[in-house]
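This report refers to the structure that appears directly beneath it.
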Amino acid sequence: MEKRNKILHTINVILMAIILAMGTVGVVGAEGSDPLDPTDGGADWDGDGLTNKEEQDAGTNMNNPDSDGDGLPDGWEVANGLNPTNGGDGNADPDGDGLTNTQEYQRGTNPNSADTDGDGRPDNTDPFPNDPNDGE
């Protein structure tokens, strides 16, 4: 009986190791979720502009386009040097142009440049902040 218990214990240890190595059971074969497959991760399940691998690296949720709930997609935040896990940066104004990051996102302007189109007029007063030829 003791030999049988040792065998069962060994089998349980092996099965547990396999399950732990697989990650989330039932999702392992899906693209972007298998930590043991170095070619996996190119998908963008939530459509935020970051691949699932990039989401894992950034600590964001690959099934939520706005992991921190600030109204800014994770991919846009990463591309603009913001923190996709900080829910407070939607109200920040890193370039000092009077527009919050949320307003910059909505207008399609650069949150790190007070004059996105370089026409000499700050984004917050420029009626066409993305057109350098129309800085009225």
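Sequential numbering from 1 applies to the sequence shown in this note's numbering. Note that CB positions come from ideal geometry on N, CA and C, so glycine has one too. Because the structure is a prediction, the values reported are computed rather than measured.
Nearest-angstrom Cβ-Cβ length linking residue i and residue j, presumed shorter than 8 Å
{"i": "P84", "j": "T60", "result": "5 Å"}
{"i": "N112", "j": "G81", "result": "6 Å"}
{"i": "A114", "j": "D95", "result": "5 Å"}
{"i": "L50", "j": "V78", "result": "6 Å"}
{"i": "G41", "j": "D70", "result": "In fact, because the Cβ distance is near 25 Å, the residues do not count as touching under 8 Å."}
{"i": "P65", "j": "D57", "result": "That pair is no contact at about 16 Å."}
Segment limits, alpha helix (DSSP H) that includes residue i
{"i": "D57", "result": "N52 to A58"}
{"i": "D74", "result": "D74 to A79"}
Reduced DSSP secondary structure (H/G/I, E/B, other) of residue i
{"i": "N110", "result": "coil"}
{"i": "L20", "result": "helix"}
{"i": "T100", "result": "coil"}
{"i": "L8", "result": "helix"}
{"i": "G49", "result": "coil"}
{"i": "L82", "result": "coil"}
{"i": "D115", "result": "coil"}
{"i": "N91", "result": "helix"}
{"i": "Y105", "result": "helix"}
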